[in-house]
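Input: a single structure, listed below in structure tokens.
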Amino acid sequence: MTGRGELVRVAKLYYQAEMSQEEIASLLGTSRSRVSRMLSEARRQQIVRIHVCDFPSLAQELAEDLKKAFPLREVVVALPAEGESGKEAVGREAARLLRDTLQESLRIGIQWGSTVEAMVNAYEGKSPFAGVELFQVTGGMHISDHILDGRELVKRLGRKMGAEYHLLQYPMVVNTPTLARMILEDDSKEYFRQLDQLDMIVVGLGSDLPQESATYLGGYITLEEATRLVKDGCGADICGHRLTQEGEPAATLLSDRMITISLEQLRRIPIQVGVAAGVHKKQSIMAAIRGGYLNTLVVDDVAAMTLLSR
-12 MTGRGELVRV AKLYYQAEMS QEEIASLLGT SRSRVSRMLS EARRQQIVRI
38 HVCDFPSLAQ ELAEDLKKAF PLREVVVALP AEGESGKEAV GREAARLLRD
88 TLQESLRIGI QWGSTVEAMV NAYEGKSPFA GVELFQVTGG MHISDHILDG
138 RELVKRLGRK MGAEYHLLQY PMVVNTPTLA RMILEDDSKE YFRQLDQLDM
188 IVVGLGSDLP QESATYLGGY ITLEEATRLV KDGCGADICG HRLTQEGEPA
238 ATLLSDRMIT ISLEQLRRIP IQVGVAAGVH KKQSIMAAIR GGYLNTLVVD
288 DVAAMTLLSR
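Here is the structure:
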């Protein structure tokens, strides 16, 4: 018979330390099923009492409003804690969503970006499931800022999770269309074929501001060209692809020089998670949703309210 002290210990590890049942079982040298029974017994003996508030928080209200306004399967609105930025709050909630979604043999695509980096920073704990794989979906950018190094983000997350990871050894934009075709159809053909099998993808979303465009910061286009794209209604950006306001692909000077997952592949992925914070992501988010490239959204309250102020 399990003693009350042992039930209290297991309950604290699970509910307060946020350890998984598998981690607790390993720590105590017992089975996961026994840990599950102990947690049930702790609730039966009222060692653990669960209280559900019946009034919605601001985050819940915003999430529900976004689901009513857009065809999204899931929405998480992150409220920053004291001293926490909106981007950090989104990273925290995106990391939690990722942990909750994990299952055996899940194949996950990861893009670069500062909000994706915030998710990687916030992620903790090894995956309890076997066969999880991570894939870099977009080539790197030649910018000194490490947040745009997709290889590094995928590698860090893979090591944190204890998951196998696959890296793409090319920049996002190459010198010529001929070189891009050679990479996509020859050198990396098998790699990009594997992206057809992704179960989930996590992507950052481009800024509405031309001066914050990744391709401008990377030196691939001028500020004038970035500004023109926005004025022409092609400011939305996902995985390097430009979209119109209606979510249609927009051809640019870089379109046939890109080393990135295709929009067709992106549209077929069952779980498409977009992460974004702040007031300047509205255009990319809405275009991605309209185009069918985004069905799950993790945003801060500022981005949520901006989206709802249509």
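Take the sequence shown: its letter number 260 is residue 247 in the numbering used here, and every next letter is one higher.
C-beta atoms are modelled at their ideal positions from N, C-alpha and C, and glycine is treated no differently.
Thinking L330 and I225 are a contact (beta carbons under 8 Å), I'd like their distance in whole angstroms, please. Within the shown structure, residues of the chain are numbered from -12 to 297, placing residue 330 beyond reach of any answer.
Measure the CB-CB distance between V260 and I188 and report whether it falls below 8 Å. Their beta carbons are under 8 Å apart, which means V260 touches I188 by this criterion.
How close, in whole Å, do the beta carbons of F122 and L185 come, if the pair is a contact with beta carbons under 8 Å? Beta-carbon to beta-carbon, F122 and L185 are separated by about 7 Å, close enough to satisfy the 8 Å threshold.
In three-state terms, what does DSSP make of M128? coil
G279 versus L294, Q33, Q232, residue with shortest Cα-Cα distance: Each of L294, Q33, Q232 was checked against the Cα of G279, and the nearest Cα belongs to Q232.
Between which residues of its own chain and V266 is the CB-CB distance below 8 Å, once the five residues before and five after are set aside? Closer than 8 Å at Cβ, skipping near neighbours: V289, A290, T293.
Please check the pair G145 and T247, which I expect to be a contact at CB under 8 Å, by giving their CB distance rounded to whole angstroms. Incorrect: roughly 20 Å between the Cβ atoms, too far for contact.
Assigned secondary structure, G96 (DSSP; H/G/I helix, E/B strand, else coil): Three-state result, G96: strand.
Exposed or buried, what is R244 when buried is set at 16 or more other beta-carbons lying within 10 Å of its beta-carbon? Counting Cβ neighbours within 10 Å, R244 comes out buried, since at least 16 surround it.
From the DSSP secondary-structure annotation, give me the bridge partner or partners of Y152. In the DSSP output, where bridge partners are listed per residue, Y152 has L121.
Do I276 and P58 have their C-beta atoms within less than 8 Å of each other? yes
Between the alpha carbons of L241 and Y203, how many angstroms are there, rounded? 11 Å
How would you label I37, buried or exposed, when you count the other beta carbons within 10 angstroms and need 16 or more for buried? exposed
Exposed unless 16 or more other CB atoms sit within 10 angstroms - verdict on L45: A residue is called buried when at least 16 other Cβ atoms come within 10 angstroms of its Cβ; L45 does not meet this threshold and is exposed.
Contact set for K54: own chain, Cβ-Cβ below 7 Å, skip 5 residues either direction: Residues V62 of the same chain have their beta carbon placed closer than 7 Å to that of K54, with the five preceding and five following residues left out of the count.
Please state whether DSSP places R60 in a helix, a strand or coil. coil
Quick one: using the 10 Å Cβ neighbour count with 16 as the cut-off for buried, is T163 buried or exposed? exposed
Just reading off the alpha helix (DSSP H) that L84 is part of, what are its end residues? Counting along the chain, the alpha helix (DSSP H) containing L84 begins and ends at 73 to 88.
Residues of its chain near T214, where Cβ-Cβ distance is below 6 Å and the 5 sequence neighbours each way are ignored: The residues P197, in chain order, have a CB closer than 6 Å to that of T214 in the same chain once the five nearest residues on each side in sequence are set aside.
Out of S200, S101, L210, V190, state which residue places its alpha-carbon closest to the alpha-carbon of L85. V190
Taking the beta carbon of G137 as the centre, do at least 16 other beta carbons fall within 10 Å, making it buried, or is it exposed? Around the beta carbon of G137, 16 or more other beta carbons lie within 10 angstroms, which makes this residue buried.
Taking the beta strand (DSSP E) that D224 belongs to, which residues open and close that run? 223 to 225
Can you tell me which of the three DSSP states P158 falls into? strand
Check R36 in the structure and name its three-state DSSP category. coil
Using 8 Å for Cβ pairs, my map puts S114 next to G149. What's the rounded Cβ distance? 6 Å
Rank S18, I11, Y1 by C-alpha distance to the C-alpha of V35 and give the top, closest one. Y1
Give the single residue among G227, A238, E251, P67 whose Cα lies nearest to the Cα of S271. G227
How about V(-5) and I11: are their beta carbons less than 8 Å apart? no
Relative to the C-alpha of A90, which candidate in G118, A68, V64, G96 has its C-alpha closest? Note on residue identity: the sequence assigns Gln, not Ala, to residue 90. It is G118 whose Cα lies nearest to the Cα of Q90.
What is the DSSP secondary structure of D287, reduced to helix, strand or coil? strand
Pull up the distance between the alpha-carbon of G206 and that of P158, whole angstroms please. 13 Å
Separation of Q33 from S20, as counted between CA atoms: 20 Å
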